[in-house]
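A.B. asks: Mind having a look at this structure? Questions to follow.
Numbering (this note's numbering), first residue to last: 302 to 500.
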């Protein structure tokens, strides 16, 4: 096992739902596994811990964030939650409060955090979808958190990149998901992280 996975290496925790848990595909093909490979190839010594759970909601994330922080002591948390709240029609204000708690708990633990925004199908109605999508934007502004607007950009509406359920990305989509998330991950690590190889 290489230096990048040493026991005392700085840690990146991916804290998400099925989009990050590798639902329906080989976990080694998931974007989180590809993130580990990219970090190693670019000289980062970080290890990636995937603490994502399929079906997770922001409520569930709120209840387990403290344990994840205590167990893994991350330098960076990548927050990818909310999609299941939206698909179940949960109130956006409750989702926002849950995510705020996750973010502030992470910050109080001394870790950096970035947010991967999610969108939901338009059939939920314009009022709900706008309020849902606004949660990410408003929290990012309120708490000064780096974020991307749509983690599934270029994937969600491409049938060739989606599983048969029309909800989960397939193996071919995973590199694109990583590319979508990479800019804010890279920026966060460049500020807070350590590298074993310099450019």
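Virtual Cβ for every residue (Gly too), placed ideally from N, Cα, C.
Can you tell me the Cα-Cα spacing of residue 482 and residue 348, whole angstroms?
C.D. replies: Numbered from 1 along the chain shown, position 181 holds the residue referred to as residue 482. Numbered from 1 along the chain shown, position 47 holds the residue referred to as residue 348. Using only the alpha carbons, I get a separation of about 17 Å.
A.B. asks: Run through the DSSP bridge pairs and tell me what residue 448 is partnered with.
C.D. replies: Against the chain shown, residue 448 aligns to sequence position 147. Its beta-bridge partners are 416.
A.B. asks: Alpha carbon to alpha carbon, how far is residue 377 from residue 313? Give it in angstroms, no decimals.
C.D. replies: Start at 1 with the first residue of the chain shown, and residue 313 comes out as number 12. Start at 1 with the first residue of the chain shown, and residue 377 comes out as number 76. Taking the straight line joining both Cα atoms gives about 5 Å.
A.B. asks: List the endpoints of the continuous alpha helix (DSSP H) containing residue 373.
C.D. replies: Indexing the chain shown from 1 puts residue 373 at position 72. That run of the alpha helix (DSSP H) goes 359 to 373.
A.B. asks: So for residue 317, helix, strand or coil by DSSP?
C.D. replies: Taking the first residue of the chain shown as 1, we reach residue 317 at position 16. The answer is strand: DSSP assigns residue 317 an E or B state.
A.B. asks: Restricting to Cα atoms, I'd like to know which of 319, 476, 384 is closest to residue 419.
C.D. replies: Your numbering for residue 419 matches position 118 in the chain shown. Among 319, 476, 384, the Cα nearest to that of residue 419 belongs to 384.
A.B. asks: Which of the three DSSP states is assigned to residue 404 in this structure?
C.D. replies: On the chain shown, residue 404 is found 103 positions in, with the first residue counted as 1. Correct three-state label for residue 404: helix.
A.B. asks: Let me confirm a value: residue 475 is counted as buried when at least 16 other C-beta atoms fall within 10 Å, else exposed. Which label applies?
C.D. replies: Counting from one through the chain shown, the residue named residue 475 turns up at place 174. Its Cβ being crowded by 16 or more others within 10 Å, residue 475 is buried.
A.B. asks: Run through DSSP, which three-state label would residue 377 get?
C.D. replies: Counting from 1 along the chain shown, the entry for residue 377 is found at position 76. If DSSP states are grouped into helix, strand and coil, residue 377 belongs with the strands.
A.B. asks: Can we say the stretch 360 to 373 touches the stretch 327 to 339, given the rule of at least three CB pairs closer than 8 Å?
C.D. replies: Counting Cβ pairs under 8 Å, fewer than three are found: no touch.
A.B. asks: According to DSSP, is residue 470 part of a helix, a strand, or is it coil?
C.D. replies: Mapped onto the chain shown, residue 470 falls at position 169. Residue state, collapsed to three classes: strand.
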